[in-house]
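The structure appears right after this line, and notes come after that.
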Amino acid sequence: MAVYTEIIKLKTKSQKIYNITNKVEEIVRSSDIEDGLCLVFVPGSTGAILLNEDDPMLLEDLKDVLEHIASKETLWHHPENAHSHIRASLIGSEKLIPVHAKKLVLGQWQDIMFCEFDTRSRERQVIVSVIG
Amino acid sequence: MAVYTEIIKLKTKSQKIYNITNKVEEIVRSSDIEDGLCLVFVPGSTGAILLNEDDPMLLEDLKDVLEHIASKETLWHHPENAHSHIRASLIGSEKLIPVHAKKLVLGQWQDIMFCEFDTRSRERQVIVSVIG
Amino acid sequence: MAVYTEIIKLKTKSQKIYNITNKVEEIVRSSDIEDGLCLVFVPGSTGAILLNEDDPMLLEDLKDVLEHIASKETLWHHPENAHSHIRASLIGSEKLIPVHAKKLVLGQWQDIMFCEFDTRSRERQVIVSVIG
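If you're matching them up, the sequences are chains A, B and C in order. In terms of the working numbering, the first sequence opens at residue 89 and continues consecutively. In terms of the working numbering, the second sequence opens at residue 89 and continues consecutively. In terms of the working numbering, the third sequence opens at residue 89 and continues consecutively.
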């Protein structure tokens, strides 16, 4: 049994979504773990990990839905970026993916993406832990 | 430490929800893992794993809420099944459940369900990985 | 490799949110596990684990969003507490957090909270499993 952890660093822009599948795949390869689980985790509460298809039109649709659920324009109690926190809570801070033969087990149209929901540019860390 | 993985195969119909608790429980038993964690994962981006009560009326209510959030009737940017992807993103591709004494630790009204959010029938695989 | 499990007991009130970060941190310390993963899991379908900022104003905002998505006032098919189940399904029954140097790896404004979405007071158990 082993636990192998690496950190992905990202310079992000507000409301942008970043495909990190290849970076996570590389970490899984480096871990040398044959079979196990891979956790992708954001240590922050205004960013999220999305596991879905990386299609720009779909991501537009998802943003529209999230804007409808938690709009930037709403007068929230929490100052400035309540909508960022709420969107992050709905998409989630972490995803856990099976690892087989030193590879992530993902569907053909399934990508790992970091969503920057905050209202400003950020320097982000995404923690990738492989266990197996 | 061991990792034990099996695949559940399902022939699904659009917008149907399938209770797979017994199948997952069986895999946990087969794994012979006494204490650990059980990951239930869909390698696809228009299906989801729901962990809640398997009550037909409740599932109707949940579908109504999801139809309101991401309607089939909306003119989305992503062709055909954007609403399927968005619903799957909100319910999530995976759930992780504690294992104790070779059994899933679940509440009395807590079931593991596969949600087919796609617009057509599918042959699905659900990956179950037990680690411990 | 080890799996270490403890249960947090809570007496909850309807629609209240409880910060359990310190209790989970203590269990991680007791586990003596240096590096690994920590699962926080509710064995029930009307409570949820939220991983976000514990700010009373933000939690008000989140409740407003959830009330808009799944209102107490709606006439649901499922009797009494359909909205509780739906809110729990959207926030999720579990969160998985990396452990490093016998500590949870969390962001500065990231707390682990139990959300009581049910319509009555409950005696709740939250299962914390550390693996590594």
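Note that CB positions come from ideal geometry on N, CA and C, so glycine has one too. As the structure is a prediction and not an experimental result, all values here were calculated from the model.
Evaluate residue i with the Cβ neighbour count: other Cβ atoms within 10 Å of its Cβ, from every protein chain shown; 16 or more gives buried, anything less gives exposed.
i         : result
Arg208(C) : exposed
Arg175(C) : buried
Gln196(A) : exposed
Ile122(B) : The amino acid occupying residue 122(B) in the given sequence is Glu; Ile does not appear at that position. Result: exposed.
Leu154(A) : buried
Leu163(C) : exposed
Asn169(C) : buried
His156(B) : exposed
Ala158(A) : buried
Pro144(C) : exposed
Ser118(A) : exposed
Ile95(A)  : exposed
Pro131(B) : buried
Asp120(B) : exposed
Lys160(C) : exposed
Lys111(B) : buried
Tell me whether residue i sits in a helix, a strand or coil according to DSSP, three-state version.
i         : result
Val193(A) : coil
Lys160(A) : coil
Val153(A) : helix
Met89(C)  : coil
Pro186(A) : strand
Glu211(B) : strand
Arg122(C) : A small correction: the amino acid at residue 122(C) is Glu; Arg does not occupy that position in the sequence shown. Note: Glu122(C) maps to coil in three-state DSSP.
Start and end of the beta strand (DSSP E) containing residue i?
i         : result
Lys111(B) : Taken as a continuous stretch (DSSP letters only), Lys111(B) belongs to no beta strand (DSSP E), being part of the alpha helix (DSSP H) at Thr109 to Ser119.
His165(A) : Neither: His165(A) is in no beta strand (DSSP E) and is coded neither H nor E.
Arg175(A) : Looking at the DSSP string, Arg175(A) is not in any beta strand (DSSP E); the run it does join, the alpha helix (DSSP H), is Ala170 to Ile179.
Gly135(C) : Gly135 to Asn140
Phe202(C) : Asp199 to Glu204
If I'm right that residue i touches residue j with Cβ under 8 Å, what's the distance once you round it to whole angstroms?
i         : j         : result
His173(B) : Leu192(A) : The Cβ separation is near 19 Å, so there is no contact.
Pro186(C) : Ile215(A) : 5 Å
Ser217(B) : Leu139(B) : That belief does not hold up - the Cβ atoms of Ser217(B) and Leu139(B) are roughly 16 Å apart, past 8 Å.
Tyr92(B)  : Thr100(B) : Not confirmed; about 25 Å, so no contact.
Glu182(C) : Phe129(C) : 4 Å
Leu125(A) : Leu184(A) : 6 Å
Given 8 Å as the limit, is there contact between the segment 126 to 144 of chain C and the segment 196 to 205 of chain C, that is, 3 or more CB pairs closer than that?
yes
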